[in-house]
Amino acid sequence: MKKFKVITQKDLPLIAEKLKLDKEQIIDMQAVSAVLPFRVNDYVVDNLIDPSDVPNDPIFQLTFPQRGMLEEADYRRMRDLLASGANKSEVKLAADQIRCKLNPHPAGQMELNVPKLNGEAVSGMQHKYQETVLFFPTQGQTCHAYCSYCFRWAQFVGDASLKFASREADQLLNYVRDNPQVSSVLITGGDPMVMKTKILRRYIEPLLASGLSNLHSIRIGTKALAYWPYRFTEGEDADDFMQLIEEVRAAGKHFALMAHSSHARELEPEVAQKAVERVLNAGAVIRCQAPLIRKVNDDPNVWAQLWRTQVKLGMVPYYMFVERDTGAKAYFEVSLARAYKVFTEAYSQVSGLCRTVRGPSMSASPGKVLVDGITEVGGEKGFVLKLLQGRDPGWVNRVFFAKYDSKATWLDGLKPAHGEDRFFFDRFMDAAPLGSARKG
Ligand SMILES: *Cc1c(COP(=O)(O)O)cnc(C)c1O
Ligand code: SF4
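Residue 8 is where the sequence shown starts when you use this note's numbering, and the numbers rise one by one after that.
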């Protein structure tokens, strides 16, 4: 069976050679990666990155730490520390201090969305929207490669207290059974596709066997089509996954792979296309989503090409997200005004078949908030916002307005329009059991 080679900090010399990095670039990468560790694999480096376009190459930006991700003072501190030959514990101490200032868990998700079973908090799940439960299997808390902007890095650097994790397939089953309003289970991570199919089966099979008529769909969120497509094409484990899809279908449920799909380049390699074809042939649907990231895909033509490629391969464009307020956000962030422009310019150059996509959408505290327009109402320029998902199902599809702000990058930077002093949901959010919930 084909295996990938994991590439981390200690392999910098290899990377420097493959990607033709100069001395300065290597020093930058050493300094930043001491704080924000990277992990990629040889498939990504050899197939998705164009060395002649480094550092601007979008997949290089997507997977490798960049100098601008740290504040200048932090960057210098780390660079000088490394140059001085500091020992491991000194470096770790400095890294922890810098990391502390970054925001590992945006959006209050730890406190707000943990569901209860028989009165007890269930740690490996989140339940925010009526229909859908998120499940975080313990063994799926890593990825084939890390995205440099990912808010989940907090889970990957070894701080156990920050982990959402559950070994409890039983709890998942009991929760879905006890909550008839739940129709969809979304298995997420990390990347659940790092797990062997045998382990995935442990979570999925009970959901099929027990006649849960409320459960209509099972989804797996994954970046593996981009980072390790051989997961779907090589060996018994891949075959077993196709078999599992067929079993979910035979049990009368929808099976969706929620593909994290950032750039059309990821779908160019033959093996990626073969992976897509196999998954579709087994009876799954592949829905595609990704955040809009500066330097990776903040260009309408990149999205238009991405959606066209997805549709051509039989995948379904689903969401364009606004990047959340996580660690290195300043480096990647795109204003809401620009996000709307990128989306609109991309959307207007593709056929209706690509327009199943929705965005740009913020996964914020009250729900998934779509930036649906920039317009003037009653002489006041503003954002037209709409809840695609709501913490309260009564909020879904509700439109509301915010004052225009060319610099705002997130809902909490916006002010209500038309003389109102708060958004309609703020009243309810204040009453939320764990307070603190202006964000996420
Ligand atoms: C995005 C999201 C979901 C899934 O929402 P869909 O609109 O059904 O794709 C579920 N739970 C949470 C917390 C989410 O952020
Ligand atoms: S694959 Fe997904 S979970 Fe993993 S690092 Fe990338 S965005 Fe984060």
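All C-beta atoms, glycine included, are put in the ideal place defined by N, C-alpha and C. No experiment lies behind these values; they were computed from the predicted model shown.
> Is there contact between the segment 198-210 and the segment 137-150, where contact requires at least three CB pairs shorter than 8 Å?
Replying inline: yes
>> Taking the beta strand (DSSP E) that Q396 belongs to, which residues open and close that run?
In response: Residue numbering aside, residue 396 sits at position 389 when the sequence shown is read from its first letter. Element bounds for Q396: E387 to G397.
> When the Cα atoms are used, what is the spatial distance from R209 to Y182?
Replying inline: Along the sequence shown, read from residue 1 onward, the residue named residue 209 stands at position 202. Along the sequence shown, read from residue 1 onward, the residue named residue 182 stands at position 175. Each residue's alpha carbon lies about 16 Å from the other.
>> Please give the ranges of any beta strand (DSSP E) in the segment 273-345, keeping only runs that are unbroken, at least 3 residues long and fully inside the region.
In response: 292-299 and 323-329, all fully within the segment 273-345.
> If you run the structure through DSSP and keep just helix, strand and coil, what is Q133?
Replying inline: Here residue 133 refers to the residue found at position 126 of the sequence shown. Three-state result, Q133: strand.
> Closest to S355 by CA distance: which of A311, L343 and S370 is it?
Replying inline: Within the sequence shown, numbered from 1, the residue matching residue 355 stands at position 348. Minimum Cα distance to S355 is reached at A311.
>> At 3 residues or longer, what runs of the beta strand (DSSP E) sit wholly inside the segment 10-49?
In response: Complete beta strand (DSSP E) runs here, min 3: none at all.
> Nearest-angstrom Cα distance between G165 and P72?
Replying inline: The count along the sequence shown starts at 1 and reaches residue 165 at position 158. The count along the sequence shown starts at 1 and reaches residue 72 at position 65. Residue confidence for G165 is low, a pLDDT of 45 falling below 50, so the modelled location carries little weight and cannot support an answer.
> Apart from the five residues on each side of it in sequence, which residues of its chain come closer than 7 Å, Cβ to Cβ, to D412?
Replying inline: Working through the sequence shown from its first residue, we reach residue 412 at position 405. A distance below 7 Å between beta-carbons, with the five flanking residues on each side excluded, links D412 to the following residues of its chain, in chain order: G420 and L421.
> Is it true that the CB of S190 sits closer than 8 Å to the CB of R226?
Replying inline: Residue numbering aside, residue 226 sits at position 219 when the sequence shown is read from its first letter. Residue numbering aside, residue 190 sits at position 183 when the sequence shown is read from its first letter. In this structure, R226 keeps its C-beta atom at 8 Å or more from the C-beta atom of S190.
> Touch check for the segment 11-27 and the segment 51-64: three-plus C-beta pairs under 8 Å?
Replying inline: Taking 8 Å as the limit for Cβ pairs, the verdict is that the segment 51-64 does touch the segment 11-27.
>> Please report the straight-line C-alpha distance between L251 and A93, rounded to a whole angstrom.
In response: Numbered from 1 along the sequence shown, position 244 holds the residue referred to as residue 251. Numbered from 1 along the sequence shown, position 86 holds the residue referred to as residue 93. For L251 and A93, the distance between alpha carbons rounds to 50 Å.
>> Going by DSSP in three states, E427 sits in which element: helix, strand or coil?
In response: Your numbering for residue 427 matches position 420 in the sequence shown. Here E427 sits in coil by DSSP.
>> As a quick exercise: from Y156, R106, Q188 and A216, pick the residue whose alpha carbon is nearest that of A176.
In response: What you label residue 176 is simply residue 169 of the sequence shown in a count that begins at 1. Nearest option by C-alpha distance: A216.
>> Between V39, F11 and G386, which has its C-alpha nearest D103's C-alpha?
In response: As a first step, residue 103 is located in the sequence shown; it is residue number 96 there, counting from the start. Closest by alpha carbon: V39.
> With S368 and M322 assumed to form a contact (beta carbons below 8 Å), what rounded beta-carbon distance in angstroms separates them?
Replying inline: For the purposes of this step, residue 368 is taken as the residue at position 361 of the sequence shown. For the purposes of this step, residue 322 is taken as the residue at position 315 of the sequence shown. S368 to M322, Cβ: 18 Å. No contact.
>> Run through the DSSP bridge pairs and tell me what T382 is partnered with.
In response: Here residue 382 is taken as the residue at index 375 of the sequence shown, counted from 1. T382 is bridged to G389.
>> Within the continuous alpha helix (DSSP H) that includes L180, where are the two ends?
In response: Taking the first residue of the sequence shown as 1, we reach residue 180 at position 173. Start and end: A176 to D185.
>> Need the endpoints of the alpha helix (DSSP H) that F262 sits in, please.
In response: In the sequence shown, the residue the question calls residue 262 occupies position 255. Per DSSP, F262 lies in no alpha helix (DSSP H) segment; the continuous beta strand (DSSP E) that holds it begins and ends at H261 to H267.
> Between K230 and ligand 2, is the CB less than 7 Å from at least one heavy atom?
Replying inline: Residue 230 sits at position 223 when you count from the first residue of the sequence shown. K230 Cβ: within cutoff of ligand 2.
> For P187, is the classification buried or exposed, using 16 other Cβ atoms within 10 angstroms of its Cβ as the cut-off for buried?
Replying inline: Position 180 of the sequence shown, counted from the start, is the residue given in the question as residue 187. When all chains shown are included, P187 counts as exposed.
> DSSP on R238, reduced to helix/strand/coil?
Replying inline: Sequence index remark: in the sequence shown, residue 238 carries index 231 (1-based). Reduced to three states, the DSSP call for R238 is helix.
> In whole angstroms, what separates the C-alpha of L179 from that of W417?
Replying inline: To locate residue 179, count along the sequence shown from 1; it is residue 172. To locate residue 417, count along the sequence shown from 1; it is residue 410. In a straight line, the C-alpha of L179 is about 32 Å away from that of W417.
> If we call anything under 8 Å between Cβ atoms a contact, is V121 one with S130?
Replying inline: Working through the sequence shown from its first residue, we reach residue 121 at position 114. Working through the sequence shown from its first residue, we reach residue 130 at position 123. Their beta carbons are under 8 Å apart, which means V121 touches S130 by this criterion.
>> Checking the sheet assignment: what are the DSSP bridge partners for T139?
In response: Within the sequence shown, numbered from 1, the residue matching residue 139 stands at position 132. Answer is Y136 and S191, bridged to T139.
>> What does DSSP give as the partner residue(s) for V349 in the beta ladder?
In response: As a position in the sequence shown, residue 349 is number 342, starting the count at 1. According to DSSP, which records beta bridges pairwise, V349 is partnered with nothing at all.
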